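**Q**
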Amino acid sequence: MARPRLTLYRDAALADARGPSLQKGVSVLVAGRRIVAMRPTSDEGILPPEVRVIDAGGSTIVPGMVDAHSHVTLPGGSHWIDRGFDPPEELLDVAERNGDLLGRAGVRWARDVGSPAAVDPRDGKKRALALRVRERWSRDSTRPQIRVAGTWIAHSGVLQPGLDIEADDGPALLAAAKVQLDDGADLLKLYLDGPKKEEAP
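Counting from 8, one number per residue, gives the positions in the sequence shown under my numbering.
1) Using alpha carbons as the reference points, say which of Arg154, Leu36, Thr80 lies closest to Asn105.
2) Using alpha carbons as the reference points, say which of Arg46, Gly91, Ala102 lies closest to Gln167.
3) Between the alpha carbons of Gly71 and Lys132, how many angstroms are there, rounded?
4) For Ile68, list the residues DSSP reports as bridge partners.
5) Is the CB-CB distance between Leu99 and Val140 below 8 Å?
6) Quick check on DSSP: helix, strand or coil for Gln187?
7) Given Leu195, which residues of its chain have a CB within under 8 Å of its CB, disregarding the five upstream and five downstream residues?
8) Could you tell me the boundaries of the alpha helix (DSSP H) in which Gly110 lies?
9) Which of the three DSSP states is assigned to Leu36 in this structure?
10) If distances are taken between C-alpha atoms only, which option among Pro95, Leu109, Gly84, Tyr16 comes closest to Arg41?
11) Between the C-alpha atoms of Asp62 and Gly32, what's the straight-line distance to the nearest angstrom?
12) Measuring straight from C-alpha to C-alpha, what distance separates Arg46 and Val35?
13) State the start and end residues of the unbroken beta strand (DSSP E) segment that holds Asp89.
14) Let me know the secondary structure DSSP gives Ala125 once reduced to three states.
15) In whole angstroms, what is the alpha-carbon distance linking Arg118 and Ala135?
16) Determine whether the beta carbon atoms of Val73 and Ala22 lie at a separation below 8 Å.
17) If you draw a straight line from the alpha carbon of His162 to that of Ala174, how long is it in whole angstroms?
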């Protein structure tokens, strides 16, 4: 297997979110798509002869960002809940477009906090679509890594029937949570009641 190409980005500024100021004069050594070293430009050390050097002066390097509230299978907009009933193939296509947008925006991690459930043609089991997206994206370095909540768990009548898993008491809530976790969800999304049952907070 060929070794990944080494590239040194020399003399950039680094926004590392540990303080209000940029670190200036930073060099970053990358092998393929992975950072292998970050040092002051004045202390880069001995570089291999095959390293490609890019003058990064005037640029700012930022860490990959995190989208802490996403619905990767939904297109957004004012009627986003209605879109949850679109055909699963369309919602998976939406996820790929959203993956492109997230990647271009510098998002490397996303937390999906609810996606519609659909039958997985591989095994006939109904589960949250974002679980399939997570599996697909885990093998694609151009996509963010995602943590998935599965589908929404809510009291009956809070969301449109068929979009969520309804749980009206403690045992039903525990059963719904168990199903989501057994399906592979990383976390749970509980959609809570507001002061009025028909209005979510």
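The C-beta atom is built at its ideal place from N, Cα and C for all residues, glycine as well.
Just so you know, these numbers come straight off a predicted model, no measurement behind them.
**A** In short, the structure shows the following:
1) Thr80
2) Gly91
3) 34 Å
4) Leu21
5) yes
6) helix
7) Ala156, Gly157, Ile160, Ala184, Gln187, Leu188
8) 95 to 111
9) strand
10) Tyr16
11) 11 Å
12) 7 Å
13) Premise fails: Asp89 lies in the alpha helix (DSSP H), 87 to 90, not in any beta strand (DSSP E).
14) strand
15) 14 Å
16) no
17) 5 Å
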